[in-house]
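Structure first, commentary second.
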Amino acid sequence: MAAGIELPAEGRVRAVVEGVTPQVDGGRFAVKRSLGEDLVVEADCFADGHDAVVAVLAWRRDDEGDGEAPERWHAVPMQPLGNDRWRASIRLPELGRWWYTVSAWVDGFLSWRGELARRIDAGDVRIALLVGAGLAADAAARAEGDDRQRLVDWGRRLQAASTGEDAEAMKLLALDPAFAELATRYPDRRFAATHAALPVDVDRARARFGAWYEFFPRSAGTGASHGTLADCVRRLPAIAAMGFDVVYLPPIHPIGRERRKGPNNALEAGPDDVGSPWAIGAAEGGHLAVHPALGTLDDLRTLVAAARDHGLEIALDIALQCAPDHPWVREHPSWFRRRPDGSVQYAENPPKKYQDIYPFDFESEDWRAMWQALAGIFHHWIREGVRVFRVDNPHTKSFAFWEWAIASIRREHPDTIFLAEAFTRPRVMHRLAKLGYNQSYTYFTWRNTRAELTAYFEELAHGPGRDYFRPNVWPNTPDILPEYLQTGGRAAFVVRLVLAATLASAYGIYGPAFELMEYEPREPGSEEYLNSEKYQLREWPNDPDPTQSLAELIGRVNRIRRDNPALHSNASLRFLDIDNEQMIAYAKRAPGADGRGESDNLVIVVANLDPHNPHAGWLELDLAALGIAPGTPFQAHDLLSGARYLWSGARNFVRLDPQRMPAHILRVRRRLRSERDFDYFL
């Protein structure tokens, strides 16, 4: 025996399981799926020699079964793909944390059956039947009910047949497929190799697909009056008519008076200036209170219920920071960092300064109490009926806190959705997603050229983060009025709407400003809105001139999204060739109803990225990938304009005038019912 080297616990395990996908950081973090979405698992499973290997995908709930005995889990057989690669697919039925693993073993019965089929000598076949009788007896010992007696009987028949002379007749009995199916129900898994269990979090479908509309409750009033939550209720029908799913409200808490900012971020505020909603806390309360000018907790409950009646959800903004006069600043001074002169350090991102905001110190000696209080904010609003949260600047808070807080909240409320407002470095954004954030803001706001958009969305849809990082793309926010919208006119707003709504399955707009195409920056070169709603009340028209509003078009785009399952996820996104750099084209295709294969719902989007000039190009389609037979005509129905085009072949001409409509959203029909369809489409 080699000195110093211990024998393995079980040396008779011959199978190998490796290369399991998907997994995030070796199982350190959970893969994400939503209800109705398949978890497709692949693995390399093999063994020494030429014996048959069997592989299964096993899974269980976090609180279910024996974590150390995967043979007691739910399981499905995996199918070989070739070159020792195996695959299986499951659809997990409930929200929450699940575990999955792959087990493989050398299967004595299947190995015996495979060898028997190749034997030709009667003597060899007689010996093989005796071996098979023993295998049948072993399987009978593992079987239950009537199956046990059937296997016993089969073993006796093999024993009796082993005295025959006709090799083919003996083989015919031994290879009976009915008994093979029976025997494989009860495999010998004593020497199975099992991969370490991997976590998967199952979310609501809203975590994968949804359209968000953001507006400030205090600007929902009539005239120049301060809006209320009751005013928000009156806005819901118009938002629902535009087809949105989530109504996102900036912070609704009392706003600090100390160091309050004035219009356009002025350092000095007048007596009637309302301040920034993100400067949270005043004498009236902090993160658990509603701003008195907006109403009461009862008013919020009424709003949440009214939204539900309109098919909408309310999302609240949670900003873990305090105004100087937040009660916690006085009650828990150790939760905040001090400057050398003893004053509290306000938030800075040089050269930007936020004198009206105090960040929490996540290195505080009293961190445990602080963590409990911060997580308690979410629990408080969950009790009031809110299940969707947009979290402000989560990348400036402790990673350890988020991992603990989100896990504890979702263990109790697995239907909760967290959106990370983290415009920061890629690795930081991805870490937040791994820690539990269901969705994240993205760099879409600054990706304008075809090359930029293609590279970025290829990464989002098919890159390493595809199993845990869900993009939620916004063409504008209260903080960001991009240059493209400042200078591109109506066409710029339209094309960014179409791109956001079709490139990603989750998107949002900062509502009134986008809907009414507000484009003036605070000063040249700035991405801040002039007269930003962050610092003052804005009066938005209740019934805007349709020629000055995108409401009707937004509603049309959102209906297209709902009606076409191809747009409900990002996994099928494929960019298409078009011979004009000012144009972009891509396709999405829905999976089949059983989650396998692909359905007939195929959508192609073509957009002109130049908001000022018409552009044309030849679109090149991969007919085989799109499921279109060569030479077969097919319909391209523009769901934006209603126009129908009859296309044939891989190359098709497209021209888009931004002054009319800068994009096509084409629903492709690959089968024409009759010759009359040709006349109709033409």
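Sequential numbering of the sequence shown, starting at 1, is according to UniProt numbering.
Ideal Cβ positions, reconstructed from N, Cα and C, are used throughout, including at glycine.
By alpha-carbon positions, which one of the options ends up nearest to residue i?
| i | options | result |
| --- | --- | --- |
| I604 | E620, T163, E539, R490 | E620 |
| Y510 | Q548, A137, I239 | I239 |
| A197 | L57, A587, L485, T222 | L57 |
| E515 | G275, H332, F378, A491 | A491 |
| V53 | H568, Y507, T302, D84 | D84 |
| G145 | G114, V125, P177, L182 | L182 |
| P565 | L92, S599, S334 | S599 |
| T101 | I90, E94, G262 | I90 |
| residue 703 | Y586, Q159, N601 | The structure shown does not extend to residue 703, since the chain spans only 1 to 682, so no value can be given for it. |
| V498 | L666, G285, D298, F469 | L666 |
| A319 | V304, G385, L303, H395 | H395 |
| H430 | G463, F401, E458 | G463 |
| F575 | D231, G27, L460 | L460 |
| L92 | A9, E37, D63, G114 | E37 |
| L11 | G114, F191, A122 | In the sequence as displayed, the identity of residue 11 is Gly instead of Leu. Taking only the C-alpha atoms, the option nearest G11 is F191. |
| G27 | D317, F378, R470, W98 | W98 |
| R561 | P512, L640, E168 | L640 |
| G631 | L609, A607, R670, H664 | R670 |
CB-CB under 8 Å to residue i, same chain, minus the five flanking residues each way: which ones, in chain order?
| i | result |
| --- | --- |
| A117 | K171, L175 |
| R204 | S34, L35, L95, D415, I417 |
| V16 | D44, C45, F46, A47, A104, A193 |
| E115 | A128 |
Out of curiosity, what's the CA-to-CA distance linking residue i and residue j?
| i | j | result |
| --- | --- | --- |
| C45 | D356 | 59 Å |
| A241 | R559 | 10 Å |
| L110 | A140 | 16 Å |
| A75 | Y186 | 13 Å |
| V41 | A88 | 6 Å |
| P277 | N448 | 31 Å |
| I578 | R651 | 9 Å |
| A369 | A375 | 10 Å |
| H380 | F418 | 15 Å |
| S225 | S219 | 8 Å |
| N393 | G465 | 20 Å |
| F678 | A625 | Only weak support is given to the placement of F678: the predicted model assigns it a pLDDT of 39, under 50, and the value that follows is read from those uncertain coordinates. Cα-Cα distance, rounded: 24 Å. |
| H50 | Q149 | 31 Å |
| R259 | E268 | 8 Å |
| G311 | L236 | 10 Å |
| R673 | N613 | Any reading at R673 needs caution, since the residue's pLDDT is 48, under 50, leaving its predicted position unreliable; the model's value is listed next. Distance between the alpha carbons of R673 and N613: 38 Å. |
| M1 | L7 | Since pLDDT at M1 reaches only 49, below the 50 mark, its modelled position is unreliable, and the value read off the structure follows with that caveat. M1 and L7: Cα-Cα distance of roughly 9 Å. |
| M78 | A55 | 5 Å |
| A283 | I554 | 41 Å |
| C322 | K397 | 13 Å |
| P544 | L550 | 10 Å |
| E675 | P633 | Bear in mind that a pLDDT of 42 at E675, under 50, signals an unreliable position, so the model cannot answer this. |
| T547 | R660 | 13 Å |
| D138 | P177 | 18 Å |
Could you round the C-beta distance between residue i and residue j to whole angstroms and report it? I think they count as a contact, below 8 Å.
| i | j | result |
| --- | --- | --- |
| H253 | V290 | 7 Å |
| V456 | L485 | Correcting the residue identity first, residue 456 is Tyr in this sequence and not Val. Contact doesn't hold; Cβ gap of about 18 Å is too wide. |
| V391 | A373 | Actually they are not in contact, since the Cβ atoms of V391 and A373 sit about 16 Å apart, beyond 8 Å. |
| S440 | L453 | Not quite, the Cβ-Cβ distance comes to about 18 Å (not below 8 Å), so this is no contact. |
| V388 | E313 | 5 Å |
| D299 | L249 | Incorrect: roughly 12 Å between the Cβ atoms, too far for contact. |
| R522 | N349 | That belief does not hold up - the Cβ atoms of R522 and N349 are roughly 17 Å apart, past 8 Å. |
| R126 | A180 | Contact doesn't hold; Cβ gap of about 19 Å is too wide. |
| V606 | H664 | 5 Å |
Compare the beta carbon distance of residue i and residue j with 7 Å and say whether it is the shorter of the two.
| i | j | result |
| --- | --- | --- |
| F216 | E528 | no |
| D415 | V31 | no |
| L135 | A143 | no |
| P130 | S103 | The sequence shown places Leu at residue 130, rather than the Pro named in the question. Their beta carbons are not under 7 Å apart, which means L130 does not touch S103 by this criterion. |
| G436 | I480 | no |
| A262 | D325 | The residue asked about is misnamed: residue 262 is Gly in this sequence, not Ala. No. |
| G508 | W540 | no |
| N472 | A501 | no |
| G385 | P327 | no |
| V233 | A306 | yes |
| W73 | R60 | yes |
| A122 | E165 | yes |
| D309 | S334 | no |
Between which residues of its own chain and residue i is the CB-CB distance below 7 Å, once the five residues before and five after are set aside?
| i | result |
| --- | --- |
| P611 | G488, G489, A491, A492, V495, P658, P662 |
Strictly under 7 Å for the Cβ-Cβ distance: is residue i near chain D by that measure?
| i | result |
| --- | --- |
| W278 | This model lacks chain D altogether; it includes just one protein chain. |
Apart from the five residues just before and just after residue i, which ones in its own chain have a Cβ nearer than 6 Å to its Cβ?
| i | result |
| --- | --- |
| Q345 | R337, R339 |
| A245 | Note on residue identity: the sequence assigns Asp, not Ala, to residue 245. Taken in chain order, the residues that qualify are G210, A211. |
| A133 | G155, L158, Q159 |
Nearer than 6 Å: is that true of the beta carbon of residue i relative to any heavy atom of the ligand SAM?
| i | result |
| --- | --- |
| D415 | The model depicted lacks the ligand SAM and carries no ligand whatsoever. |
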